[in-house]
DNA sequence: CTGTTAGCGCTTTCAT
DNA sequence: ATGAAAGCGCTAACAG
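Protein chains in written order, with my numbering: chain H, 1 to 349; chain U, 1001 to 1349.
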């Protein structure tokens, strides 16, 4: 079924059929009807591949995520899909596992397929290969990881405020030895969060020791290792702040295995507020970020960039965060408080 | 950067460049080297779109999932990606939310883009539109939902055995009033699970009442509604079996809100064994299925189908299941047993 | 072994 | 308002 078949079926030129189908204004009403009818009857569908070759636009978007099985990212993808589906666009979703080689290979594959744009969620933004691709490829929007020294479209959250909220909460509960589990790589987001941690440590004159910082990998398993390491320190931290919820969940698991109670023996705070955090059995105190909205905002901005303002000035969207206080934080050495879970106590900056 | 530029750069015909780059055996070694060198220097990459138009193969695969934020499906996608990435193929992942219209729209979009094959995870397989697409489209592999009356490539699990394992476990614990939360639509998997439930009910002469079956939608929220409904029945079921883990998690949340203890007041069993189920705070007894392997098997079979044996006879892969007994099941009216979580007790058929 | 040529299915001038 | 023709970038006959 090609456009030629339709043309034949209604004895018109292919160009006329093309014009009719793509809604050109100067096609006679009667002709358009005839074409439409024939196309429907033959259940003709234009080849998106041929269209892409001809127009060098594919109505396709590429999305790179570090790990599709992590709810943070799958909810962002959902937000992207929300807005792109309405526009009749399709998504290539690629899970890079944080590996730079895989990211590069996928970026090439996507661009070879003429994607109209790219959304990079927490991906590598530096290195010759990646920068070359970015600079010569289609429009893109970055989520949660900027490229240093570049002003480009970016969607993220107020990492600093989120960390301060979390830290202040702990300080108010009397914690002085607060450990931190950072992310796996040096990225702008990780730096912002880590920076805020250190700032508050300094400001509030809290314990500042190298052994109070551990590098995780954003997985539950990594969080367990981190938790084991941190909880075996002497003296032991009374609170552990994790750079994401998976790490925090791992810490809690490690704590339980080691016989510590959360929050009586150690307070734990996560970051992201994935749905697991609000389960009644879990009730993880964590910093909330609007994952679905973040995805939606990135998609909207990308659409804008693909369309009219290809060369507008870059736009940064920074979403505010909230601290959702649940049941994994309590006064230092309290042995008491268990938070309510009927309703979160929400702290905003 | 087109193949023409490369040809010019090394004063050869485009066809020779094409042959050299695609590894045709009859290209002179020296020529191949020269071409390769020029291509590298110009950092030439062939247009996948042009290749697809010409060869009508795109080295892309379309994957349809009901909900990308559900770990069951994202882990299957991961398994698919494991095997497809190695082959240099890209994945279109589409989240259909169980909506038939969205599924149809995505299937069309995918086929318009010349995907070489489709993997349908728990998708609609009936209805004129969908059957027409299936019958005229590219090769496909079905996961967890067959098309009735057709022998086609299928990857699934032994639903019947899983349900029997779960039911027998409950019967052995002395439960006689066992409720069931079924899936949202009538699909072969749902029917298999529901069928096994009813069979055991009959075989063991357990309570068989319409109000002991509730239709969920595979979400936590749906599970909560189901749990609320079921736990308000008089007499109350002593155990609730859910068709998936999300539903079971919702039941537990509902139970807690209503003041029931799990498993003392009511036992709960899930299905899938998502990673949440094994968290120490959750310890959900559930039927395990190898999600990643299932995805991998589907991808492997699709590759086979795309390659040599386009017309081989259909292959069905049925993975065995295991019951992972954790802490949400206990003897009826026991008020006692709390399962161990250091090590699952694994029951196999 | 290398080059010439004919499309793949579509859109887009440019004539008519 | 419609049609003829060129060409997007590539591969596969086929000729040499």
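Positions of the beta carbon are idealized from the N, C-alpha and C atoms, including for glycine.
All values derive from a computational prediction rather than experimental measurement.
query	result
Indicate the three-state DSSP secondary structure (helix, strand or coil) for residue 169/H in the structure shown.	helix
Only counting the same chain, and skipping five residues up and downstream in sequence, which positions put a Cβ closer than 7 Å to that of residue 1340/U?	Reliability of the predicted coordinates at residue 1340/U is poor, the pLDDT of 40 falling under 50, and the value obtained from them is presented with this limitation in mind. Cβ neighbours of residue 1340/U beyond the five flanking positions: none.
Where does residue 1060/U sit, in a helix, a strand or coil, going by DSSP?	strand
With 8 Å as the limit, tell me which residues of the region 1251–1267 of chain U have their beta carbon closer than that to any beta carbon of chain H; keep them in chain order.	1252, 1253, 1256 and 1257
What is the residue span of the alpha helix (DSSP H) that residue 303/H lies within?	291–306
Exposed or buried, residue 1/H, counting other C-beta atoms within 10 Å across all chains shown (16 or more means buried)?	exposed
What number of angstroms, rounded off, separates the C-alpha of residue 293/H from the C-alpha of residue 1021/U?	44 Å
Using a beta-carbon distance below 8 Å, is residue 1066/U in contact with chain H?	no
Starting from the C-beta of residue 27/H, find all residues in its chain whose C-beta is less than 6 Å away, skip the five residues before and the five after it, and write them out in chain order.	19 and 20
Is there a Cβ of chain U sitting closer than 8 Å to that of residue 281/H, yes or no?	yes
Per the DSSP calculation, residue 1109/U is bridged to which residue(s)?	According to DSSP, which records beta bridges pairwise, residue 1109/U is partnered with nothing at all.
Which whole-angstrom value is the C-beta distance of residue 1303/U and residue 1087/U, which I expect to be below 8 Å?	7 Å
Using the beta-carbon of each residue, which ones in chain H are nearer than 8 Å to residue 1047/U?	53, 112 and 114
Taking only the alpha-carbon atoms, compute the straight-line gap between residue 1078/U and residue 1084/U and give it to the nearest angstrom.	10 Å
Can you list, in chain order, the residues of its chain whose CB lies under 7 Å from that of residue 1347/U, leaving out five sequence neighbours each side?	1165, 1169, 1322, 1323 and 1325
Determine, using beta-carbon pairs with one atom in the region 1237–1245 of chain U and one in the region 1259–1271 of chain U, whether at least three such pairs fall under 8 Å.	yes
For a contact meaning CB atoms closer than 7 Å, what does residue 1108/U contact in chain H?	45
Where does residue 1278/U fall in DSSP's three states?	helix
Identify which residue in 50/H, 15/H, 9/H and 24/H has its Cα closest to the Cα of residue 37/H.	9/H
Using alpha carbons as the reference points, say which of 212/H, 63/H, 281/H and 93/H lies closest to residue 1081/U.	93/H
Using the three-state DSSP reduction, which class does residue 272/H fall into: helix, strand or coil?	strand
Measuring alpha carbon to alpha carbon, tell me which of 1126/U, 1138/U, 1137/U and 1159/U ends up nearest residue 1148/U.	1126/U
So the candidates are 1279/U, 1051/U, 1173/U and 1251/U; which of them puts its Cα closest to the Cα of residue 1225/U?	1251/U
Using a Cβ-Cβ distance cut-off of 8 Å, determine whether residue 11/H contacts chain U.	no
If you follow the beta strand (DSSP E) that residue 1068/U is in, where does it begin and where does it stop?	Here residue 1068/U belongs to no beta strand (DSSP E), and DSSP marks it neither H nor E.
Roughly how many angstroms lie between the CA atoms of residue 138/H and residue 316/H, to the nearest whole one?	18 Å
Helix, strand or coil for residue 1044/U, going by three-state DSSP, please let me know.	coil
Sort out for me which residues DSSP pairs residue 1087/U with in a bridge.	For residue 1087/U, which the question treats as bridged, DSSP gives no partner whatsoever.
Per DSSP, residue 94/H is paired with what?	64/H
Using a beta-carbon distance below 8 Å, is residue 92/H in contact with chain U?	yes
Suppose you measure from the CA of residue 1173/U to the CA of residue 1141/U; what does that come to, to the nearest Å?	39 Å
Quick check for students: name the residue ranges of the beta strand (DSSP E) that lie wholly in the region 136–180 of chain H, counting only runs of 3 or more.	140–143 and 154–157
List the whole-angstrom C-beta distance separating residue 163/H from residue 178/H, where the pair is believed to meet the contact cut-off of C-beta under 8 Å.	So it is not a contact: roughly 11 Å between Cβ atoms.
Residues in its own chain within less than 6 Å of residue 1114/U by CB, not counting five upstream and five downstream?	1052 and 1058
Applying a beta-carbon distance threshold of less than 7 Å, which residues of chain H neighbour residue 1095/U?	78 and 81
How long is the line joining the alpha carbons of residue 249/H and residue 1121/U, rounded to whole angstroms?	29 Å
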